[in-house]
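There are 2 protein chains.
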Amino acid sequence: MPPEGYVRWALKIEYDGTGLVGWQRQINGLSVQQVLEEAASRMVSGRPVATATAGRTDAGVHAAGMVVQLDVPEETRFAPHHVRDGLSYHLKPHRVAVIAAAPAAPGWHARFSAIWRSYRYTILNRPTRPVLNPEHVWHIRRPLDIAAMRAGAALLVGHHDFSSFRAVSCQANSPIRTLDCLDIQRQGEYVTIDARARSFLHHQVRNLAGSLQLVGCGQWTPERLGAALAARDRSKAGPTAPPEGLCLTGVGYPTDPFAS
Amino acid sequence: MPPEGYVRWALKIEYDGTGLVGWQRQINGLSVQQVLEEAASRMVSGRPVATATAGRTDAGVHAAGMVVQLDVPEETRFAPHHVRDGLSYHLKPHRVAVIAAAPAAPGWHARFSAIWRSYRYTILNRPTRPVLNPEHVWHIRRPLDIAAMRAGAALLVGHHDFSSFRAVSCQANSPIRTLDCLDIQRQGEYVTIDARARSFLHHQVRNLAGSLQLVGCGQWTPERLGAALAARDRSKAGPTAPPEGLCLTGVGYPTDPFAS
Numbered sequence: 002m003p004p005e006g007y008v009r010w011a012l013k014i015e016y017d018g019t020g021l022v023g024w025q026r027q028i029n030g031l032s033v034q035q036v037l038e039e040a041a042s043r044m045v046s047g048r049p050v051a052t053a054t055a056g057r058t059d060a061g062v063h064a065a066g067m068v069v070q071l072d073v074p075e076e077t078r079f080a081p082h083h084v085r086d087g088l089s090y091h092l093k094p095h096r097v098a099v100i101a102a103a104p105a106a107p108g109w110h111a112r113f114s115a116i117w118r119s120y121r122y123t124i125l126n127r128p129t130r131p132v133l134n135p136e137h138v139w140h141i142r143r144p145l146d147i148a149a150m151r152a153g154a155a156l157l158v159g160h161h162d163f164s165s166f167r168a169v170s171c172q173a174n175s176p177i178r179t180l181d182c183l184d185i186q187r188q189g190e191y192v193t194i195d196a197r198a199r200s201f202l203h204h205q206v207r208n209l210a211g212s213l214q215l216v217g218c219g220q221w222t223p224e225r226l227g228a229a230l231a232a233r234d235r236s237k238a239g240p241t242a243p244p245e246g247l248c249l250t251g252v253g254y255p256t257d258p259f260a261s
Numbered sequence: 002m003p004p005e006g007y008v009r010w011a012l013k014i015e016y017d018g019t020g021l022v023g024w025q026r027q028i029n030g031l032s033v034q035q036v037l038e039e040a041a042s043r044m045v046s047g048r049p050v051a052t053a054t055a056g057r058t059d060a061g062v063h064a065a066g067m068v069v070q071l072d073v074p075e076e077t078r079f080a081p082h083h084v085r086d087g088l089s090y091h092l093k094p095h096r097v098a099v100i101a102a103a104p105a106a107p108g109w110h111a112r113f114s115a116i117w118r119s120y121r122y123t124i125l126n127r128p129t130r131p132v133l134n135p136e137h138v139w140h141i142r143r144p145l146d147i148a149a150m151r152a153g154a155a156l157l158v159g160h161h162d163f164s165s166f167r168a169v170s171c172q173a174n175s176p177i178r179t180l181d182c183l184d185i186q187r188q189g190e191y192v193t194i195d196a197r198a199r200s201f202l203h204h205q206v207r208n209l210a211g212s213l214q215l216v217g218c219g220q221w222t223p224e225r226l227g228a229a230l231a232a233r234d235r236s237k238a239g240p241t242a243p244p245e246g247l248c249l250t251g252v253g254y255p256t257d258p259f260a261s
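So the protein lines, in turn, are chains L and H.
The numbering of the first sequence is my numbering, which starts it at 2 and goes up by one.
The numbering of the second sequence is my numbering, which starts it at 2 and goes up by one.
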């Protein structure tokens, strides 16, 4: 519930994480949260606002369908397209914008009401470095074996202890997660890894991508990925893939907050 | 033919046109040609080199599959991957890179041997401004009617006098061109216009996109696009679409210079 005297909005936002310290406010740089809250405060003439997100992203990670809640004083009266366009205006010149806005249903919370999150990890797989989108891909020169990656991914889907793919800094109570899908596709020079789960551990998608890459390059067999999972030991899995290849693509709720 | 004492390479290059003055050397800024020739000259220890392209692009226009010829002194001996990787290395930090390199067949010329060029024009069609790729799309807020755009495009395909879609600065001898295809697709918030022809007039694709947009927004009927073509008068067609949405996607030859 929003605080007394506040109303809650659901926002769908998009951002380029390049040069930002991630979603969460930090003292060492500009965060998506700070940029969004400052824009929202300007929209309500400087009054205080509060936000919470469906999922935190790390420095350099992008989002194309992040969902955020924004609590603003209830005396402010906006139509949804005014919130969307007004916020997007005040968000300039930052590479953060609001794609959709809707009044939140009673009891709705951006994080606690969410039932799934989806991420896409994008690899540019060719000898030549990327020049059209270097901040949005992981560049891997060696040709990736997609069939082997898929065989490895199949061993990771489902309800498992993902300790081997969890950042040491992860604050979740449990390392157990249910990975609903981990799909690997090739489109020309691009290889994408699409992951969906109710929730993810810290760095989980980047750690999965880092290990899948070892399988794709032939350094690991698919079975070794299964063994890495079973070991429940971060040191038994592959490296953390770089943030720039990662994009949060969507968040799901029992009822779409933006439908109507 | 390359000059006496030189050998010719075929290069497939990719570049982000943002901040560059286009393909051709200019005194008022950095061009793709200058960047490429300086990198090539460094690769051959400062000896002179020469380039020619399959198609000139304007300032801000991108390329994903441009083909260029590079003449270097014949005493330089490189394997194809050394040309590709060496040039891409010397091209740093510019957003220009070589995807493929191959020794040119006798008599091959990047421009005169080409039998088609293809371009993609990309529109982001949604209320909110682009933040993930603002230098690679034209942002149009009003929902575009794809069926109407396709009906209009169908009137433009074929062998026509394209004077209405030709820049006043165009230096071609004839305004007659054969437009092989002009395909319009929607993928979510993106609308793409794919054009292919043996050759194009100056600004032709951007002028076609600018008029198709009027049809898509409902300001013009598809038939008006046909009338604009028939008028053979630049003032009867729509505006020139901005350069950032345009990308040269490929160049075709009777035999693929990079096959093998």
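The C-beta atom is built at its ideal place from N, Cα and C for all residues, glycine as well.
In this structure, does DSSP put P74(H) in helix, strand or coil?
strand
Residues that S119(H) bridges to, as DSSP identifies them:
R197(H) and G251(H)
Scan the segment 19 to 81 of chain L and note each continuous beta strand (DSSP E) run of 3 residues or more that stays entirely inside, going in chain order.
51 to 54 and 63 to 74
Hey, is the segment 16 to 35 of chain L in contact with the segment 52 to 69 of chain L, meaning 3+ C-beta pairs nearer than 8 Å?
With the rule of 3 Cβ pairs closer than 8 Å, the segment 16 to 35 of chain L counts as touching the segment 52 to 69 of chain L.
Return the Cβ separation of H276(H) and L230(H) in integer angstroms, given the expectation that the two are a contact with Cβ distance under 8 Å.
Chain H is shown only over 2 to 261; residue 276(H) falls outside these bounds and no answer can be derived.
Under 8 Å (Cβ pairs) to chain H, residues found in the segment 2 to 17 of chain L
E15, Y16 and D17
Residues of chain H with CB closer than 8 Å to the CB of V97(L), please, in chain order.
V132
A51(H) and T250(H) - do their beta-carbons sit closer together than 8 Å?
Taking 8 Å as the Cβ cut-off, T250(H) and A51(H) do not qualify as a contacting pair.
Exposed unless 16 or more other CB atoms sit within 10 angstroms - verdict on T256(H):
exposed
Spatial neighbours of A173(H) in its chain, beta-carbon cut-off 6 Å, leaving aside the 5 residues before and after
L202
If you drop the 5 nearest sequence neighbours on each side, which residues of the same chain put their C-beta closer than 6 Å to that of R142(L)?
P128
Tell me the residue span of the beta strand (DSSP E) that contains R151(H).
Counting along the chain, R151(H) falls outside any beta strand (DSSP E), though it belongs to the alpha helix (DSSP H) covering I147 to A155.
Jot down the residue ranges of each uninterrupted beta strand (DSSP E) in the segment 191 to 239 of chain H, minimum 3 residues, whole runs only, in chain order.
191 to 198
Where does V99(L) fall in DSSP's three states?
strand
Closest Cβ-Cβ distance between I1(H) and chain L: below 8 Å?
No answer is possible for residue 1(H): it lies beyond the span of chain H, which begins at 2 and ends at 261.
Rounded to whole angstroms, what is the Cα-Cα separation between R9(L) and A80(L)?
13 Å
Near E190(L), which residues of its chain fall below 7 Å by C-beta distance, leaving aside the five closest residues on each side in sequence?
L125, N126 and R127
Determine whether the Cβ of I100(H) lies closer than 8 Å to any Cβ atom of chain L.
Yes, I100(H) counts as interfacial toward chain L.
Once the 5 residues before and after P131(L) are set aside, which same chain residues still bring their CB inside 6 Å of it?
L125, V138 and H140
I'd like the list of long-range same chain contacts for M150(L), defined as Cβ closer than 6 Å, with 5 residues on each side in sequence excluded.
I185, L213, V216 and G217
Spatial neighbours of V69(H) within its chain, please: CB distance less than 6 Å, with the 5 preceding and 5 following residues excluded, ordered by chain position.
If we look at V69(H) and ignore the five residues flanking it on each side, its Cβ neighbours are L12, I14, T52, T54 and A111.
9 Å Cβ cut-off: residues of chain L touching A196(H)
Ordered by position in chain L, no residue passes the 9 Å Cβ test against A196(H), which lies about 19 Å from the chain.
C-alpha distance - L92(L) paired with E38(L), whole-angstrom precision
9 Å
Less than 8 Å between the C-beta atoms of G56(L) and V252(L), yes or no?
yes
Name, going along the chain, the residues of the segment 71 to 90 of chain H whose beta-carbon falls closer than 8 Å to a beta-carbon of chain L.
H82, R85, D86 and S89
Closest by CA to S236(H), which one among N208(H), F259(H), Y254(H) and T222(H)?
N208(H)
Span separating the alpha-carbon of Y120(H) from that of W221(H)
24 Å
Compute the beta-carbon to beta-carbon distance between Y7(L) and P94(L), rounded to the nearest angstrom, for a pair I have assumed lies under 8 Å.
Not really, about 28 Å apart at Cβ, beyond 8 Å.
With distances taken Cα to Cα, identify the nearest neighbour of V45(H) among L71(H), L133(H) and A101(H).
Check the Cα spacing between V45(H) and each of L71(H), L133(H) and A101(H): the tightest is with L71(H).
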